[in-house]
Ligand SMILES: [Zn+2]
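Residue numbers (my numbering): 220 to 772.
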């Protein structure tokens, strides 16, 4: 009965329905406001514009104060501030949803079976694109080759992105489409073509992927819109009301603006420009951040890449990889060019967010930021380091000194834990995925998923945060367990702390008067249920600006 009641009221709130006072109240709820010590309130009310006007415990007083108020009965359920993913890639998620899903494939045979099934949805001659493979999950753990795909797909080009986005796997038909001979011994700057006897084997690491990417037919406008729409729907379904979208091109920003103009953005996008490119130039020309009037879209920052990822040994390390002597990873951007780009962002008043995974990559960011900030290092600039994944322990306090934000992804830790020690050895793990060491040093953490590298589902991020275990609960007690977050720290990382990292802390991330009515109604209390139940915690409905943008069927 309660669910039916909620559904009926939700229907009344859909666009077109007017209320007498313009005020809507959520009652009979367990509202976790996100304030210090996480008080629980039972009543929340907002105005017609979606601004919170009241938080309290007395439903009758609310009705007295606002005659004609529309009441929504939450059925005693838990309500948390809308979840914000502080590092993600919406368009990539959308295209991932339009590509064969190879995540968690257990073998090359499994990959080929999934591709065969997916191929049935494709027109003749179209490229078969897929993503999400990880050779670490397969017997032998060796990189695959083109030959593995050629028997099943002799003519149709096949191009498959690795789970971390830092390597690609092509069949021979795809390699035949490349513009230059892939044989010999040349290597692209910032990448690696794997070869045997001078012939490309089919795996292309970091920037080397461009030799295949550049010959994949570009998606047209309709497909790009379809991708964004699918990504947005997937996000709100999992309780996300905000996404910090990393690496947004000017055409992507225009697409998002068109969606915002048309009222088709169900959540808030904080777009970070795609490096030193047209989007950053546009911000610099305008002399200010881009803000859409709806509050659903803004671009206030820029994403830079310093190094690659750990899984493909692209992360830049200070010393050799433990499992590949002589190799220290790759710099995706040459340090002088990176420093110039950071300086440009600073002079334009744009917030830099720099991808750094290895300890050398992180040190380059610290040195570059220190130089660019100079005397301004102590101000409230909120420059960000994305991932801050393997950091020299002595460098962690420098994040605090420079007043940087560490934007970290809990599910990266639990995805990488089976092989991270092989890559960097035991000693370097001290500064790896070191959430509590950052906190203890006084560094704010903003949490995210890096979807589609990881799942879009923030419940998995909350679970990884508090367990540092896989979904089967292994290893028992968690991996490097002293770095686990408390449920409150984890939820803050996906709400108020994420909002702060994008300069939204005065409007988003908490449920208090004056803030936006962005919230999620859940099937349980994420702060007190056993951690093992977090991944299955039901998202009942997701609300943005006081309107439902997702409701469980
Ligand atoms: Zn990313």
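Even for Gly, the Cβ is constructed at its ideal location relative to N, Cα and C.
| Item | Value |
| --- | --- |
| Local Cβ density within 10 Å of residue 342, reported as buried at 16 or more and exposed below that | exposed |
| Residues with C-beta closer than 6 Å to any heavy atom of ligand 1, in chain order | 306, 308, 465, 669 |
| Under the three-state DSSP convention, the category residue 665 falls into | strand |
| Contiguous alpha helix (DSSP H) assignments of at least 4 residues, all confined to the region 299-360 | 309-316, 327-338 |
| Outcome for residue 574 when other beta-carbon atoms lying within 10 angstroms are tallied against a minimum of 16 | buried |
| Assigned exposure category for residue 762 - 16 Cβ within 10 Å defines buried | buried |
| Cβ distance (whole Å) where residue 385 is taken to contact residue 675 below 8 Å | The Cβ separation is near 19 Å, so there is no contact. |
| Nearest-angstrom beta carbon gap, residue 307 and residue 465 [assumed within contact, 8 Å] | 7 Å |
| Residues sharing a beta bridge with residue 520, DSSP | 491, 570 |
| Same chain, Cβ closer than 8 Å to residue 507, five either side skipped, listed in chain order | 568 |
| Enclosing beta strand (DSSP E) for residue 467 [first to last residue] | 459-467 |
| Residue interval of the beta strand (DSSP E) (run including residue 773) | Residue 773 is absent from the structure shown; the chain starts at 220 and stops at 772. |
| Through-space distance from residue 683 to residue 391, alpha-carbon basis | 39 Å |
| Identity of the residue in 696, 533, 759, 332 nearest residue 294 by Cα | 759 |
| Simplified DSSP state of residue 264, which is helix, strand or coil | strand |
| Counted within 10 angstroms of its Cβ, other Cβ atoms place residue 473 as buried (16 or more) or exposed | exposed |
| Spatial distance of residue 431 from residue 408 (CA atoms) | 15 Å |
| Exposure of residue 767, with buried meaning 16 or more beta-carbon neighbours within 10 Å | buried |
| Cutoff 7 Å; reference residue 365; Cβ partners in own chain excluding five residues on either side | 389, 390, 391, 394, 420, 421 |
| Beta-carbon proximity check, residue 300 vs residue 729, cutoff 8 Å | yes |
| Pairwise C-alpha distance: residue 275 and residue 260 | 6 Å |
| contact_flag[the region 345-356, the region 365-376] where n(CB pairs < 8 Å) is 3 or more | yes |
| In DSSP terms, what residue 626 is bridged to | 605, 665 |
| Nearest-angstrom Cα separation, counted from residue 291 out to residue 737 | 15 Å |
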